[in-house]
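Residue numbers (the working numbering), protein chains in the order written: chain A, 555 to 900; chain B, 555 to 900; chain C, 555 to 900. Report on the structure given below.
Here's what the structure looks like:
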């Protein structure tokens, strides 16, 4: 599969990469994530250049990973720093990848390393700034192509059918989304609903007796699959000012053509010190995404099989406007990148 | 794999398709079987035209299936009857297949729908007519190509080796089968055995002291893989008139190139109200087919692998006459159908 | 995958082939090993020529295997000796393979049968001669190409990293191996270490207080993957004469391109009647090979995937000299054999 290369992919939550490191396949490549002596993340191809043993089966100490098969040791640049069997040479290097830790996550650049600029990582500072009592997160290894997982967030009308007992109430379906394609590469999809029945989870937070709400759900996508989702609601007809917002991220990174690392997190601008609420939010989200979204998307993938998505001629609905805009944007970016590389190598 | 298309395949036992419907892959196609408001069976491609979610993950009510992902609803013709996101258009249709309920079973036509005539369904009225106390059935998902499962019924000499403790006693091996290729498309294979040792299960029903029997086993195959099997036995030299017959069906429908829906049922023309006998027959047949036949055929398939059966040059024996006649008939039917389609599309 | 054909592969330990025979895939071919009426081993393609059922699902009696599906019976030459359904003809034969029992093992020849000479089987008489109290053996079905398993024995420096608590102490790493390519086809790799720290298992057998040892480890490979390994140690500076030797074999036979039958055994020239020691050796070796070597090699294979080993450009170290010599030798033998066959069939 052809992936966008010159961009930052989320590789892991920062706390997933501890002393022992983390082996994870990203864009079909086995990668070993670990930390140097200063705690900075590093990423190497998880394959010793000598006999191709996974470096992740070895040990990390002082920012150096030692292969468990023959004792070659590498630092975070991929350079061999110890060879028990002869001289340390440059030929013993293993590929490394630019990585950066931002916003409680570790990001990896799997394209041209000279272009890797951590300042291009999407600004998700609200995650880093959130107190621990107002930050929760999760991870699901999903059985479908990452674009299907992206579609799922860009077309939230699905909540009305897939999550009717929690997130869906029909108001998204009854609201036509506005789609903005911004110059900074962000595509923004906005559902603003007025005087409608709120979803069960929203209704439970409304004052007693309130049956209708004004609500908003705004998603901002940027390449390759990083989405910020803000939503909130007030009793119908009351001012939005001062209403609490739920502020979420959904980030999709391909593991392979048919599997996706689905990272999600949630913070908010109210009840920041309510640890109990925080834990309840974490639990319900993990449950919904793993038992309702993931199985549906895995089933979609099974039906699609090896076919190209567009070759199957999906029937397009109004609700797909945002998702289709994003797919086209991503296709354009990938095509441009491929064309550039072909021009360089011609 | 190239299947015969313009014919009726058994898709399910009628009682397998209840309120929730039934998802089943037939001839490599995922199919959703359900019932309309009148209880008539319907069959749709189990893939929503919008985003390819399986319709079988949705809900059926009043003969309409609603997709669980975005709420599109379809009737049994495949037409969209409800779109919460915009107009109902013809582009939203999903493929449907002619189906019919006959003889306690549901049959599907996966070829040219204009040719689908339920009167061409093989007459198995004896199944429908049997009282519940003289009808039993079963189903096994078999790990081999459907033609291997068909072969297994057309060459019953295998019972002498694979089922020596129940169905086999050697008399089939010692009897040369007569094979009739009839004009109505049926190929009939007849084993008539005289004054021979009966199989254990037959012997147990003979009068005490009787050690030899006259017996008959007649199989009638029609395309694609529908077989009626009648057998009975009397003490050697006594009249056949009035002897009880066991009347069975074995029906094979491809799930995929290497897996088969094996449907079987049994009725009889004696002891029609003996529910206990009926249950005993059901149990022994299910056990034999699932623990002796299916593993052997799955092992055959594993040895054949991806090779064409004839390319492996099977050694032909006298006992294969019926099975080979059927394979050749089926190959001829498939080749004719392919030629006709190529002529039409040329 | 192209295998060397005209050579003896170890198929099984002799005691693995009992009355019921043994089904085992060798070089991608399903083989049925059993014994004739005199107890001599026989090998047939494990696929009945009639309908391709595995013969191993049948029964062996008096050196004849009877197919469980239709009762055809074959002797060890592959000739049909009983056909319940008609004449016994030569067309009913199934392929057979030369086999021989030597050195407690059964060997199979999967090349030109006319060249099969059991005297070419590697002389491992020390296994046969060992008393039962000084002979132990094991078997692991390994998840990697057989050449990776061969490499593992030819480069024993891995013991210092993969088995630091038992077999490794660093002395192999600190010793440059001598490699001899002998005219008889054997490639011999010798590690002779002086005044060095012995591995934990060796140290435990040294006199109390002895911290340094002189040790030797000699491996002799012959095609396709038969290796004899002799090692021993004495307190540093003391005479080697009279010191005990551990005498081992490691034999690799391909099951498929990515799986290997790994046979290993151990005898010795001391403490020949110590059954308890023998069992302790058996246990520790089986544990190390199955829980440390096999998982590492399976992980290597996963990283290599479908790629050719050399195409991945492995970084060569001093320690690889013996393993590389063996890989080149084997490649040369296979290429010569292929060239000869192409010349014959041109």
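The beta carbon of each residue, even a glycine, is placed where N, CA and C say it ideally should be. Predicted model only: the values in this text are computed from it and were never measured.
- Put simply, the CB of residue 622 (chain A) is near chain C, with a gap under 7 Å to one of its CB atoms.
- The beta carbon of residue 812 (chain A) is closer than 8 Å to those of 697, 698, 699, 855 in its chain, skipping five residues each way along the sequence.
- Not a single CB atom of chain C sits nearer than 7 Å to the CB of residue 730 (chain B).
- For residue 622 (chain B), there is no enclosing alpha helix (DSSP H), as DSSP gives it neither H nor E.
- Annotated as distal: residue 752 (chain C) and residue 722 (chain C), with beta-carbon spacing of 7 Å or more.
- Closest in C-alpha terms to residue 738 (chain A), from the list A:710, A:729, A:774, A:581, comes A:774.
- Of the candidates A:638, A:619, A:679, A:835, A:679 places its Cα closest to the Cα of residue 656 (chain A).
- For residue 832 (chain B), the three-state secondary structure derived from DSSP is helix.
- Short of 8 Å from the beta carbon of residue 709 (chain A), and not among the five residues preceding or following it, lie these beta carbons of its own chain, in chain order: 873, 874, 876, 877.
- DSSP, reduced to helix, strand and coil, places residue 638 (chain A) outside both helices and strands of the structure shown, so it counts as coil.
- Distance from residue 620 (chain C) to residue 612 (chain C) at the Cβ level is roughly 5 Å; contact confirmed, criterion being Cβ atoms closer than 8 Å.
- Assigned with DSSP and collapsed to three states, residue 886 (chain B) falls in helix.
- Under the Cβ distance rule, residue 638 (chain C) counts among the residues neighbouring chain B, one pair being separated by less than 7 Å.
- Rounded to whole angstroms, the separation of the alpha carbons of residue 724 (chain B) and residue 688 (chain C) is 52 Å.
- In the structure shown, residue 563 (chain B) falls within a strand segment according to DSSP collapsed to helix, strand and coil.
- Within the region 785-863 of chain A, the beta strand (DSSP E) runs of at least 3 residues that lie entirely inside it are, in chain order, 800-810, 813-822.
- For residue 839 (chain B), the nearest beta carbon of chain C is not closer than 7 Å to its own beta carbon.
- Within its own chain, the residues whose Cβ lies closer than 6 Å to the Cβ of residue 797 (chain B), once the five positions on either side in sequence are excluded, are 786, 788, listed in chain order.
- Beta-bridge pairing by DSSP links residue 776 (chain B) to B:780.
- In this structure, the CA atom of residue 642 (chain A) is about 7 Å from the CA atom of residue 635 (chain A).
- The DSSP-derived three-state label of residue 730 (chain B) is coil.
- Note that the C-beta distance between residue 844 (chain A) and residue 694 (chain A) is below 7 Å.
- Membership of residue 696 (chain C) in any alpha helix (DSSP H) is not indicated; the residue belongs instead to the beta strand (DSSP E) covering 690-696.
- Within the region 845-873 of chain A, contact with chain B at the beta-carbon level (separation under 7 Å) is assigned to 850, 853, 854, 857, 858, 866, 868, 869, 871, 872, 873.
- Apart from sequence neighbours up to five positions away, the residues of its chain that approach residue 711 (chain A) with a beta-carbon distance below 7 Å are 726, 727, 873, ordered along the chain.
- For residue 804 (chain C), no CB of chain A lies under 7 Å from its own CB, so it is not counted at the interface with that chain.
- Listed along chain A are 853, 857, each with a C-beta nearer than 7 Å to that of residue 608 (chain B).
- Neighbours of residue 625 (chain C) in chain B, taken as residues whose beta carbon is under 9 Å from its own, are 711, 712, 714, 715, 727 in chain order.
- Annotation: residue 743 (chain B) is outside any alpha helix (DSSP H); the continuous beta strand (DSSP E) that includes it extends over 741-750.
- In this structure, DSSP gives residue 610 (chain B) a helical state, which the three-state scheme calls helix.
- Contact annotation: the region 577-591 of chain A touches the region 556-565 of chain A, with at least three C-beta pairs closer than 8 Å.
- Relative to residue 658 (chain B), the option among B:569, B:582, B:806 whose CA is nearest is B:569.
- Secondary structure at residue 764 (chain B): coil, using DSSP grouped into helix, strand and coil.
- Classified as exposed, residue 870 (chain B) has fewer than 16 neighbouring CB atoms from the shown chains inside 10 Å of its CB.
- DSSP places residue 754 (chain C) inside the alpha helix (DSSP H), whose first and last residues are 754-757.
- Taken in chain order, the whole beta strand (DSSP E) runs of length 3 or more contained in the region 572-609 of chain B are 576-580, 583-589, 595-599.
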